[in-house]
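Below is one structure, written out as structure tokens; comments come after it.
Protein chains: 4
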Amino acid sequence: MPKISEEKRRARQAQILEAATRCFARDGFHHTTMEEVVRESGLSPGAIYCYFRSKQEMVEAISAVRHARDQALLDELASAASLRKGLDRLALALVRMLEDAKEKQRRKVSIQFWAESLHDARIRKVAERGLRQRGGLTAALRTAQRSGELPAGVDVESLSRVLFALFQGFILQQAWEPGLDSGAYVRTAMALIKGILSKAAPAPRRKAAKAVTGLL
Amino acid sequence: MPKISEEKRRARQAQILEAATRCFARDGFHHTTMEEVVRESGLSPGAIYCYFRSKQEMVEAISAVRHARDQALLDELASAASLRKGLDRLALALVRMLEDAKEKQRRKVSIQFWAESLHDARIRKVAERGLRQRGGLTAALRTAQRSGELPAGVDVESLSRVLFALFQGFILQQAWEPGLDSGAYVRTAMALIKGILSKAAPAPRRKAAKAVTGLL
Amino acid sequence: MPKISEEKRRARQAQILEAATRCFARDGFHHTTMEEVVRESGLSPGAIYCYFRSKQEMVEAISAVRHARDQALLDELASAASLRKGLDRLALALVRMLEDAKEKQRRKVSIQFWAESLHDARIRKVAERGLRQRGGLTAALRTAQRSGELPAGVDVESLSRVLFALFQGFILQQAWEPGLDSGAYVRTAMALIKGILSKAAPAPRRKAAKAVTGLL
Amino acid sequence: MPKISEEKRRARQAQILEAATRCFARDGFHHTTMEEVVRESGLSPGAIYCYFRSKQEMVEAISAVRHARDQALLDELASAASLRKGLDRLALALVRMLEDAKEKQRRKVSIQFWAESLHDARIRKVAERGLRQRGGLTAALRTAQRSGELPAGVDVESLSRVLFALFQGFILQQAWEPGLDSGAYVRTAMALIKGILSKAAPAPRRKAAKAVTGLL
DNA sequence: TATGAATGAGATTTCATTCAT
DNA sequence: TATGAATGAAATCTCATTCAT
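Line order of the protein sequences matches chains A, B, C and D. First residue of the first sequence: 0, per numbering that gives the first Met the number 0; consecutive thereafter. First residue of the second sequence: 0, per numbering that gives the first Met the number 0; consecutive thereafter. First residue of the third sequence: 0, per numbering that gives the first Met the number 0; consecutive thereafter. First residue of the fourth sequence: 0, per numbering that gives the first Met the number 0; consecutive thereafter.
Written as structure tokens, this is what we have:
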């Protein structure tokens with residue numbers, strides 16, 4: 000059967016998306032022509048349109064991939080036994096991410112999606128999944144509050160926004176200044192957050208500990 | 000020579016920039032055609048090209064205006080006598096800003112400039128002025144550190160980044176969710192920052208107070 | 000006012016439609032590219048899109064013009080005092096039409112619209128107006144039948160179809176063989192039709208004569 | 000060599016042509032893509048190109064088939080012993096044809112060939128065979144004239160054109176209005192033609208009868 | 001022969017910009 | 001200065017055709 004295997008098909012799709020992502024990171028997707036994607040991917044216009052019905056659809060696919068990565072970053076931390084530990088894992092993951100030069104480039108594409116989501120309904124829909132994800136974080140913070148790890152007076156809704164902001168602002172600044180000291184940033188941000196955690200961490204009783212699981 | 004007065008010239012320019020900003024906030028500037036700006040401004044294509052040599056130049060002019068506003072927001076706080084007081088003023092100014100629906104719309108344009116600055120050299124140049132501005136904030140924090148208001152262990156460079164991030168992330172989240180509780184966000188963010196200020200604020204000697212001036 | 004006058008606007012539109020019609024007659028509209036229309040019209044692509052939103056819209060405009068001419072041809076005969084006289088006028092008009100070489104070319108475009116109307120809803124709609132026009136012819140024949148000019152046994156619905164067919168078939172054959180003897184064709188066709196008219200034309204009483212007015 | 004039998008080859012070819020004809024009747028051949036023909040035929044692009052070197056060649060093949068059918072329609076009547084009888088057989092054959100819904104669809108394709116023949120040299124060539132066929136009809140009419148069945152004053156060249164026109168116009172009208180009363184049309188058309196036949200049919204002598212053979 | 005992914009020339013359309021008025 | 005019709009380079013996308021398998 001000369002029909003391409005599902006595996007090959009995925010590989011081609013990835014080839015296109017990666018080429019396009021490189022172009023987008025370099026020039027922005029409004030300045031990237033299909034011809035450039037064609038050149039960068041080493042394929043032909045027709046081939047690309049075998050996999051994506053339009054440039055727009057390709058952009059959306061990349062948007063979805065980008066958001067999935069952001070989500071993975073936070074999800075990876077969900078298994079922490081406590082807020083404190085979760086934060087430590089988040090810090091570690093962030094720093095690790097920054098070591099990947101490719102990923103650094105891709106972050107630029109994420110920022111373009113922020114802008115695009117403000118007027119493109121389809122991109123917005125993808126972005127909104129990320130917003131819902133913050134709901135999960137808020138819930139986790141609430142649990143931490145019940146377990147005593149977080150003082151009762153803290154507004155968990157706002158705190159989750161603050162945590163997101165620290166992440167988003169960092170992405171942005173790093174795109175502008177690739178050489179920034181990310182370790183220092185993460186440490187300082189962590190210090191800030193830990194500053195409002197309850198001074199004496201509660202004796203993490205089994206139950207409480209469990210509740211916090213899947214937290215941040 | 001039918002040269003119009005300088006005053007009229009400025010008025011026309013403002014008329015164009017405001018129309019363009021409305022279009023850009025609504026549709027993004029890559030989806031905004033000159034024809035739309037023409038329609039929104041009530042002028043003619045030729046007239047617009049009397050005031051701006053290209054769409055790009057118009058975009059740059061708006062970019063400059065946007066960044067000037069951001070700067071003003073921070074500059075307004077520069078006259079505080081201490082970090083603590085500066086933060087309070089910043090908080091106040093932020094909340095005030097959010098009450099202006101028009102300004103809310105314009106924020107969307109700022110986000111587009113973030114994206115655009117990643118590959119457009121001219122826009123980037125404007126954005127970089129904003130980055131340099133952070134240098135001022137860092138210096139101010141350093142002064143606060145010397146005065147004892149900020150513990151010696153804090154990395155002021157990172158802290159200024161964190162403060163910027165809190166601002167940027169907020170802008171972004173507010174663009175996505177216009178109804179978010181900005182008061183709560185600002186309070187929580189402030190609580191975080193104040194959490195790392197020295198427990199006992201130093202007697203703000205005149206000299207120290209002065210140093211903090213022009214701070215945040 | 001540099002705004003173009005309505006007159007000039009119409010002239011430009013005509014310029015485009017005529018250029019396009021020449022192309023269509025020569026190459027068929029599926030083989031005619033916009034670039035060719037551009038060349039033939041002496042304008043630029045953009046100029047054409049100032050007057051027509053798409054190639055399709057341009058085709059429709061021409062279709063409407065074509066059908067209007069066909070209609071005019073029949074309408075011109077509507078003022079005859081009797082069926083017999085109406086037929087004579089039709090014959091004359093047909094022959095006259097065939098002397099115009101340009102019109103001869105345009106007939107080719109009409110035939111293309113016949114084909115196109117079979118699957119293009121918009122073109123079909125225009126063609127259907129032509130069909131409705133046959134209704135008028137049928138009514139006129141019925142009047143002639145009442146007045147005794149046409150024998151009672153004749154099915155007027157079918158007869159109007161036959162008259163249309165004689166017209167359509169002629170258009171087609173003339174497109175294939177531009178040199179055909181149109182006078183002879185018309186004479187023969189007329190002889191056929193007159194062959195079924197009542198042998199003794201009824202005394203055309205005023206009333207009857209009037210009724211026939213607006214006939215064929 | 001994996002050469003398939005001639006029989007299979009023909010079957011495949013027919014399969015393709017039938018699928019293509021369905022597509023062409025439905026959408027017109029300019030709007031029909033090879034992909035659609037592929038889908039409709041159940042084959043693959045490559046397979047189709049085994050049997051036809053190009054879309055054009057496929058179109059030509061269908062054109063030839065269409066014209067052969069038209070010819071057959073007239074040829075079938077060629078064995079009549081007199082013009083009058085021949086016309087009766089033609090009438091019968093026409094009505095019979097109209098009962099076949101498939102054939103009705105295919106007529107639409109014929110109309111497209113009329114249009115296409117106006118600028119496509121290859122299609123034109125096929126159409127011209129149809130024109131030559133009219134020559135045969137003219138000759139037959141001339142024979143009928145000699146035999147006295149047709150009055151001497153009739154221009155046989157024109158009459159054959161008229162007969163063709165009645166056929167062509169009917170095809171066209173039926174494509175537009177599939178529900179038209181074809182029986183009535185045929186009866187009326189026949190009445191018209193018979194109206195100019197010699198009142199008293201000549202004693203059809205053997206010779207004359209033979210001459211008329213192959214007539215209409 | 002048959003497959004179908006891939007090709008790439010070429011079509012339509014857009015839109016920032018110009019220039020005669 | 002101001003107008004707006006016109007320009008034309010360039011972008012997206014299509015689809016008849018090919019060719020490695």
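A virtual CB, placed ideally from N, CA and C, is assigned to each residue, including glycine.
Note down, in chain order, all residues in the segment 148-181 of chain A with a beta-carbon under 8 angstroms from any beta-carbon belonging to chain B. Answer in chain order: VAL153, ASP154, GLU156, SER157, LEU158, ARG160, VAL161, PHE163, ALA164, LEU165, PHE166, GLN167, GLY168, PHE169, LEU171, GLN172, ALA174, TRP175, GLU176, LEU179 and ASP180.
Can you check the segment 119-183 of chain C for any alpha helix (DSSP H) of at least 4 residues that lies completely inside it and give the ranges in chain order? Taking only runs of at least 4 residues, the alpha helix (DSSP H) segments lying wholly in the segment 119-183 of chain C are 120-145 and 155-175.
Distance CB(LEU97 of chain C)-CB(GLN173 of chain C) smaller than 9 angstroms: Cβ atoms of LEU97 of chain C and GLN173 of chain C: closer than 9 angstroms.
Interface residues of the segment 85-97 of chain B facing chain A [CB-CB below 8 angstroms]: Answer in chain order: no residues at all.
For the alpha helix (DSSP H) containing ARG83 of chain C, list its first residue and its last residue. For ARG83 of chain C, the uninterrupted alpha helix (DSSP H) segment begins and ends at 82-98.
To the nearest angstrom, how far is the alpha carbon of ALA6 of chain C from that of LEU130 of chain B? At residue 6 of chain C the sequence reads Glu, which differs from the Ala that was named. Take the alpha-carbon of GLU6 of chain C and the one of LEU130 of chain B: they are about 58 angstroms apart.
Quick check: the segment 137-155 of chain D against the segment 140-147 of chain C, are there 3 or more CB pairs under 8 angstroms? Too few Cβ pairs lie closer than 8 angstroms, so no.
If you draw a straight line from the C-alpha of LEU171 of chain B to the C-alpha of ARG95 of chain B, how long is it? Cα to Cα, the separation comes out at about 17 angstroms.
How big is the Cα-Cα spacing for ARG83 of chain A and LEU149 of chain B? Cα to Cα, the separation comes out at about 24 angstroms.
For LYS54 of chain A and MET33 of chain A, what's the separation of their Cα atoms in angstroms? When rounded, the distance between both Cα atoms is 7 angstroms.
When the Cα atoms are used, what is the spatial distance from GLY213 of chain A to ALA139 of chain A? Legend: pLDDT at GLY213 of chain A = 28, less than 50; position of this residue unreliable, no value from coordinates given.
In this structure, does DSSP put PHE28 of chain C in helix, strand or coil? PHE28 of chain C carries a coil assignment under DSSP once its states are collapsed to helix, strand and coil.
From the beta carbon of GLU115 of chain A, is the nearest beta carbon of chain B less than 9 angstroms away? Output row for GLU115 of chain A: interface = yes.
Count the CB pairs spanning the segment 21-33 of chain B and the segment 107-118 of chain B that are closer than 8 angstroms, and state whether there are at least three. Touching, per the Cβ criterion.
Considering only C-alpha positions, which residue in the set B:THR20, B:TYR48 and B:GLY178 is nearest to GLU39 of chain B? Its Cα nearest to that of GLU39 of chain B, the residue B:THR20 stands out among B:THR20, B:TYR48 and B:GLY178.
Just curious, the alpha helix (DSSP H) that LYS54 of chain D is in, first and last residue? Boundaries of the alpha helix (DSSP H) harbouring LYS54 of chain D: 54-74, taken from the DSSP string.
Exposed unless 16 or more other CB atoms sit within 10 angstroms - verdict on GLY168 of chain C: With 16 or more other Cβ atoms inside 10 Å of its own Cβ, GLY168 of chain C counts as buried.
Mind the definition here: the segment 152-164 of chain D touches the segment 119-136 of chain D only if three or more C-beta pairs lie below 8 angstroms; say whether that holds. Touching, per the Cβ criterion.
Which of the three DSSP states is assigned to LYS198 of chain B in this structure? Three-state result, LYS198 of chain B: coil.
Environment of ASP119 of chain A [buried if 16+ CB atoms lie within 10 Å]: With 16 or more other Cβ atoms within 10 Å, it is buried.
Could you compute how far the alpha carbon of ARG205 of chain D sits from the alpha carbon of VAL58 of chain C? Only weak support is given to the placement of ARG205 of chain D: the predicted model assigns it a pLDDT of 43, under 50, and the question is left unresolved by the model.
Could you check what DSSP says for ALA13 of chain C in three-state terms: helix, strand or coil? Three-state result, ALA13 of chain C: helix.
Where does ILE192 of chain D fall in DSSP's three states? The answer is helix: DSSP assigns ILE192 of chain D an H, G or I state.
With a cut-off of 9 angstroms, does the C-beta of ALA139 of chain B fall near any C-beta of chain A? Not one chain A Cβ lies under 9 angstroms of ALA139 of chain B.
Count the other C-beta atoms from every protein chain shown that fall within 10 angstroms of the C-beta of THR85 of chain D, then say buried if there are 16 or more, exposed otherwise. According to the sequence shown, residue 85 of chain D is Gly rather than Thr. With 16 or more other Cβ atoms inside 10 Å of its own Cβ, GLY85 of chain D counts as buried.
Taking only the alpha-carbon atoms, compute the straight-line gap between GLY194 of chain C and VAL125 of chain C and give it to the nearest angstrom. Cα to Cα, the separation comes out at about 34 angstroms.
With a threshold of 16 other CB atoms inside 10 Å of the CB of ARG106 of chain A, please say whether the residue is buried or exposed. Flag for ARG106 of chain A reads buried.
Cβ neighbours of TYR184 of chain D in the same chain (closer than 7 angstroms, five flanking residues each side left out): Here the set comprises PHE169.
Rounded to a whole number of angstroms, what is the C-alpha to C-alpha distance between LEU158 of chain D and ALA80 of chain D? The C-alpha of ALA80 of chain D is placed about 19 angstroms away from the C-alpha of LEU158 of chain D.
Kindly list, in the order they appear in chain D, the residues whose Cβ is closer than 8 angstroms to that of HIS29 of chain C. Chain-ordered, the chain D residues with CB closer than 8 angstroms to the CB of HIS29 of chain C read HIS29.
Would you kindly work out how many angstroms separate the C-alpha atoms of ARG52 of chain C and VAL108 of chain C, rounded to a whole number? Roughly 21 angstroms separates the two Cα atoms.
Here's the rule I'm using: 16 or more other beta-carbon atoms within 10 Å means buried, otherwise exposed. How should ILE15 of chain C be labelled? ILE15 of chain C is classed as buried because its beta carbon has at least 16 other beta carbons within 10 Å across all chains shown.
So that I know if they touch, is there some Cβ in chain D lying closer than 9 angstroms to that of GLU127 of chain C? Judged by the 9 angstroms Cβ criterion, GLU127 of chain C is in contact with chain D.
So, does the CB of LEU130 of chain A fall closer than 9 angstroms to a CB anywhere in chain B? Yes, LEU130 of chain A lies at the interface with chain B (some Cβ there is under 9 angstroms from its Cβ).
Inter-residue CB distance, CYS49 of chain B and VAL36 of chain B (contact presumed, cutoff 8 angstroms): The Cβ separation is near 14 angstroms, so there is no contact.
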